[in-house]
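Colleague: Everything in the sequence shown is counted per our numbering, starting at 658 for the first residue and increasing by one.
Built from N, CA and C at the ideal position, the CB exists for glycine as well.
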Amino acid sequence: MSFASTALPALDLRSLAVLRASVGLFLLIDALSRLAGAGLLYADIGLLPRRHLLDLLEPAQWSLYLINGSVPFASLLLLLQALAAAFLMFGRHTRGAALLSWLLLVSAAARNPLAVTPAEAYLLALLSWGLLLPWGRRWSLDGPAPVDAPEAEPVHRSVAAAILGLHVLALPLLYALRAWLQPGAGATTTALVLAIAVAILLLAALPGLRGWPRRVALVLYMAGALAVAAWGDYGALPWLAAAASLVLLEPGSWQLLNRRTERRQWRLYVETPAGPVERRLQYLQEMLALRAIPVLAADSSARVLRLIQGGHHLVLIDHDDRAHLDVQALQLLLQMSPLTWPLRPLRAGAWAARRLDAWLPQGGATVTSTPVPVEPVRSRWLAAILIVIGAASLAAQASTLRDPGSEPAGALVAVLAPLALQHRWLDAGRTPDGDSRWLAVVGEQADGRLIDAPSLRRDPEGSAPNYGPHQIALAPGLRGRLYAQRLADSRQTGPRLALAQRLCRRHADQLVRLRVVQVLSPSAQPQSAVAEQRVLLRHECIATNRDAGLP
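#1: With distance defined between alpha-carbon atoms, name the residue in Arg-814, Leu-1073, Val-876 nearest to Val-1045.
#2: Would you decide whether Ala-1022 is buried or exposed? Buried here means 16 or more other CB atoms lie within 10 Å of its CB.
#3: For Gln-718, which of helix, strand or coil comes out of DSSP?
#4: Specify the secondary structure class of Asp-1104 as computed by DSSP and reduced to three states.
#5: Within this structure, are the beta carbons of Trp-792 and Leu-713 separated by less than 8 Å?
#6: Examine the Cβ distances between the segment 1132-1152 and the segment 1092-1111 and report whether three or more of them are shorter than 8 Å.
#7: Of all the options Ala-874, Val-927, Ser-994, which has the alpha carbon lying nearest to the alpha carbon of Leu-964?
#8: Based on the DSSP secondary-structure assignment, which residues constitute the bridge partners of Leu-989?
#9: My output table needs one value for Glu-907: the three-state DSSP class, helix, strand or coil.
#10: Go ahead and label Ile-724 buried or exposed: buried means 16 or more other beta carbons lie within 10 angstroms of its beta carbon, across all protein chains shown.
#11: Does the count of Cβ pairs from the segment 744-761 and the segment 769-777 closer than 8 Å reach three?
#12: Inspect the CB distances between the segment 701-713 and the segment 819-828 and report whether three or more fall short of 8 Å.
#13: In whole angstroms, give me the CA-to-CA distance for Leu-938 and His-970.
#14: Could you give the first and the last residue of the continuous beta strand (DSSP E) run that contains Glu-1189?
#15: Is it buried or exposed, Trp-796, if we count other Cβ atoms within 10 angstroms and call 16 or more buried?
#16: Output the distance between the C-alpha atoms of Pro-1089 and Thr-1057, rounded to the nearest integer angstrom.
#17: Would you say the beta carbon of Arg-1106 is closer than 7 Å to some non-hydrogen atom of the ligand FMN?
#18: So the candidates are Phe-747, Leu-1076, Pro-870, Ala-980; which of them puts its Cα closest to the Cα of Ser-720?
#19: Tell me the residue span of the beta strand (DSSP E) that contains His-969.
#20: Flag this pair as yes or no: are the beta carbons of Leu-697 and Ala-1132 separated by less than 8 Å?
#21: What are the uninterrupted segments assigned as alpha helix (DSSP H) that are 4 or more residues long and contained completely in the segment 1034-1079, given in chain order?
#22: Opposite Ile-1129 in the DSSP bridges: which residues?
#23: Output the boundary residues of the beta strand (DSSP E) element that contains Val-1173.
#24: Identify, in the order they occur along the chain, each residue of the same chain with its Cβ nearer than 7 Å to the Cβ of Leu-685, setting aside the five sequence neighbours on each side.
#25: Give me whichever residues DSSP pairs with Leu-982 in a beta bridge.
#26: With distances taken Cα to Cα, identify the nearest neighbour of Asp-1104 among Arg-1170, Leu-1069, Ser-727.
#27: If you draw a straight line from the alpha carbon of Ala-806 to that of Leu-1043, how long is it in whole angstroms?
#28: What is the rounded straight-line gap between the Cα of Ala-955 and the Cα of Ala-1015?
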């Protein structure tokens, strides 16, 4: 029994290619952003040494970062992830690049689960299901389908495609439900905007809706997602959600890109049919969305043959029957592409055309890379496993709607932990009622004076302990704020101990002992009118310094 029947929703191959490029771009930016903090996040000298990590890992979790705890090794893995992301973005060795990107992202999430951002959690979901889809069949350097033999229906139907579509739909829906279930300051406006975005996206996903209504709905959804990014502290997640929504574009939307060239009836001639020049031009057509322009042999036109014999290797005949040669022809192709219009103000067309002309061979070996077709899932058991994992992934996200600080059920974590799909997408931005819990790290000096330990780096004299609402700056940006929020969870004993030992080592000449205090605001405990303080950890710095060989 085939599970790729017409009953399943179809995803356009070009939409999948856009998703692949978007995921690759976000992965590349994410890997480079973490590279500067490789030692802080993933090495034994950082926030979470491996000896404190083992108690946090589920039995089925794994990580390549556990092989070695040095900073160079962590940096090497991040550089490898950036390289794999670049290959994935351009569609070169797509399957291998996607698999390597997934392995490294899962490894990073398992190495320091407190440092996983919502965008990375969503990337893990998109990458996990994208691995099972043919997102390298279009706009890919691996080898597009031949121009003279296009697919009868450039779409893909499978269980994995349906699950990916559900994950794209689920994100705005979960955000709207969270805002509705947790009203507070600014929650009404946020809920209204997100509810409209959800309605638009659900409307766009209806099977019977095609053409301009669906395109307008997707554009409005993307505008709503980007508006949330403008006034909310959500990191890269809204941008990623807007890019992922393009996977719902149907074939009719992409056909519009070729109408301009179809009306013009332009023709492109090369010297040798089925030669290296023609093959690379097919790559160029694929990447520029110019498949409507036919590539013909020079001997099919006496006029073109004379031009080729005169020393030219590329001839473009326009709708007025004018001939454009070599670099000029390539420059016109770049101008005609609907994908390069944002770059036109840069006026780099001539330079890009010269680079492309140098890339086109005058002879030599033909590029032989061809895509390997991806078969739809035809096994009942495999389809059932995918459905269980997809349902568990969505259920884990929905289970934390009322309490963003809660963890998914143990059974869901057991299923999802090997794939690192248990991380929450909803850990973005501040909760509607503000930060209801935070940490204060109080240091004690030899004379008994109490100081704020995290601020010693910028204030060597030491200031009074800070019990007010604040977040410890452990890492830059949203990642550091989320890390501090997660440390306030009473279950994170190992990471708090690692933080205390790190502060003791860095300020061995000033600190005798440390206390890690959890402060609960009145909104988190309605029966109390004042903030409550709970000591989560008491640590003697003398023992830490002795183990580290410090005086």
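Modeller: With the structure as the only source:
#1: Leu-1073
#2: Confidence in Ala-1022 is poor, its pLDDT being 34 and thus under 50, which makes the residue's placement too unreliable to answer from.
#3: coil
#4: coil
#5: no
#6: Flag = yes, the segment 1132-1152 and the segment 1092-1111 touch.
#7: Val-927
#8: Looking at the DSSP assignment, Leu-989 forms no beta bridge with any residue, so it has no partner.
#9: Glu-907 carries a coil assignment under DSSP once its states are collapsed to helix, strand and coil.
#10: exposed
#11: no
#12: no
#13: 12 Å
#14: 1189-1197
#15: buried
#16: With a pLDDT of 36 at Pro-1089, under the threshold of 50, the modelled position of this residue cannot be trusted; read the value that follows with caution. The straight-line gap from Cα to Cα measures roughly 15 Å.
#17: Among the components modelled here there is no ligand, and therefore nothing to report on the ligand FMN.
#18: Leu-1076
#19: Element bounds for His-969: n/a, residue is neither H nor E.
#20: yes
#21: 1037-1055, 1067-1073
#22: According to DSSP, Ile-1129 bridges with nothing at all.
#23: 1170-1177
#24: Ala-739, Ala-742, Ala-743, Met-746
#25: Val-972
#26: Arg-1170
#27: In this prediction, Ala-806 scores a pLDDT of 39, lower than 50, which makes its location untrustworthy; the coordinate-derived value is nonetheless stated afterwards. When rounded, the distance between both Cα atoms is 32 Å.
#28: Near 20 Å, if we compare the C-alpha coordinates of Ala-1015 and Ala-955.
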